[in-house]
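Participant: In full-length UniProt numbering, the protein residues as written are 1 to 214.
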């Protein structure tokens with residue numbers, strides 16, 4: 001079964017592009033392929049002129065840590081690491097000393113004083129704040145966000161969504177945002193609709209001209 005058919009898209013620096021569509025339309029698969037979390041059984045995946053589906057597992061992980069931020073519905077924090085250590089993971093994979101950057105991001109997401117806490121003592125909203133900070137730790141060109149507020153209540157969902165998008169825009173990172181939430185999609189600059197693995201339409205609401213992210 002073919003999940004995606006000839007999908008091609010561009011995300012500008014500081015631009016947020018929402019990807020909408022029914023369940024099974026290929027939205028999450030698209031993000032997983034772009035992020036190097038999965039490889040296709042057929043076809044090719046190209047990113048900024050580079051074919052990436054042929055890279056090995058370690059090469060994909062290093063590339064992802066340095067150039068791509070990831071935020072999911074579940075936070076995927078490492079439970080035996082502190083908040084600060086979790087945010088440092090991408091920097092460690094790329095050989096950077098990211099402590100100063102991690103502390104800055106934790107302050108910006110409102111977690112000053114929680115750096116030494118373990119994920120198990122955090123609320124759901126706090127855990128997702130850590131995930132947002134981790135996604136931006138290495139100043140990625142693009143953040144891939146797959147239903148980033150899907151596990152949160154309405155109040156926390158809006159706070160986390162605005163926090164993620166405001167931080168990414170401020171950093172000049174493009175955001176590809178998969179969501180079923182119309183309110184969240186409305187925060188994007190553009191929306192693309194996937195149906196049966198194809199982009200079938202899109203709506204643009206440009207806030208300002210966007211520069212290429214890559």
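Every residue gets a Cβ at the ideal spot worked out from N, C-alpha and C, and that includes glycine.
What is the C-beta distance between residue 197 and residue 28, in whole angstroms, given that I count them as a contact (C-beta under 8 Å)?
Facilitator: With a Cβ gap of about 12 Å, residue 197 and residue 28 do not count as contacting.
Participant: What residues are listed by DSSP as bridge partners for residue 68?
Facilitator: Answer by DSSP bridge pairing, in chain order: 142.
Participant: Starting from residue 193 and walking both ways along the beta strand (DSSP E), at which residues does that stretch end?
Facilitator: Unbroken beta strand (DSSP E) run through residue 193: 190-195.
Participant: Please identify the residue among 118, 147, 47 whose C-alpha is closest to the C-alpha of residue 82.
Facilitator: For the residues 118, 147, 47, the minimum Cα distance to residue 82 belongs to 118.
Participant: Candidates 45, 200, 22, 132: which alpha carbon is nearest residue 159's?
Facilitator: Residue 132 is the option with its Cα nearest to residue 159.
Participant: Which runs of the alpha helix (DSSP H) at least 4 residues long sit entirely within the segment 67-115? Give them in chain order.
Facilitator: For the segment 67-115, whole alpha helix (DSSP H) runs of length 4 or above, ordered along the chain, are 83-93, 99-108.
Participant: Go ahead and pull the three-state DSSP assignment for residue 174.
Facilitator: Residue state, collapsed to three classes: strand.
Participant: So, does the segment 32-39 touch the segment 10-23, judging by three or more C-beta pairs under 8 Å?
Facilitator: The segment 32-39 is not in contact with the segment 10-23.
Participant: Helix, strand or coil: how does DSSP classify residue 206 here?
Facilitator: Note that residue 206 scores 43 on pLDDT, short of 50, meaning its location in the model is unreliable; the coordinates nonetheless yield the value given after this. Residue 206 falls in the coil class under three-state DSSP.
Participant: Provide the residue span of the alpha helix (DSSP H) that contains residue 131, from first to last.
Facilitator: Looking at the DSSP string, the run of the alpha helix (DSSP H) that includes residue 131 is 124-135.
Participant: Please indicate yes or no: does the CB of residue 57 lie closer than 7 Å to some heavy atom of the ligand FMN?
Facilitator: Of ligands this structure carries none, so the ligand FMN is not represented either.
Participant: Starting from the Cα of residue 141, find the closest Cα among 156, 170, 129, 151 and give me that residue.
Facilitator: Per the Cα distances, 170.
Participant: I'd like to know whether the C-beta of residue 32 is nearer than 8 Å to at least one C-beta of chain B.
Facilitator: Judged by its chain identifiers, the structure shown contains no chain B, having just a single protein chain.
Participant: Going straight from the alpha carbon of residue 41 to that of residue 73, what length do you get?
Facilitator: In a straight line, the C-alpha of residue 41 is about 25 Å away from that of residue 73.
Participant: DSSP on residue 9, reduced to helix/strand/coil?
Facilitator: In the structure shown, residue 9 sits in coil (DSSP, three-state: anything other than H, G, I, E or B).
Participant: If you run the structure through DSSP and keep just helix, strand and coil, what is residue 50?
Facilitator: Correct three-state label for residue 50: strand.
Participant: Are at least three pairs of beta-carbons, each pair with one atom in the segment 82-94 and one in the segment 102-119, less than 8 Å apart?
Facilitator: As far as the Cβ criterion goes, the segment 82-94 touches the segment 102-119, which means the pair count is three or higher.
Participant: For the beta strand (DSSP E) holding residue 185, just list the boundary residues, first then last.
Facilitator: Residue 185 -> not in any beta strand (DSSP E); alpha helix (DSSP H) instead, spanning 182-185.
Participant: Which word fits residue 52, buried or exposed, when buried means at least 16 other C-beta atoms lie within 10 angstroms of its C-beta?
Facilitator: By the neighbour-count rule (16 or more Cβ atoms within 10 Å), residue 52 is buried.
Participant: Does the segment 87-103 touch the segment 171-184, meaning 3 or more C-beta pairs lie closer than 8 Å?
Facilitator: The segment 171-184, when compared against the segment 87-103, does not touch it at the 8 Å Cβ threshold.
Participant: Under the three-state reduction of DSSP, which class applies to residue 166: helix, strand or coil?
Facilitator: Looking at residue 166 - three-state DSSP - the assignment turns out to be helix.
Participant: Using CA coordinates, which residue listed in 128, 150, 69 is at the minimum distance from residue 185?
Facilitator: Taking only the C-alpha atoms, the option nearest residue 185 is 150.
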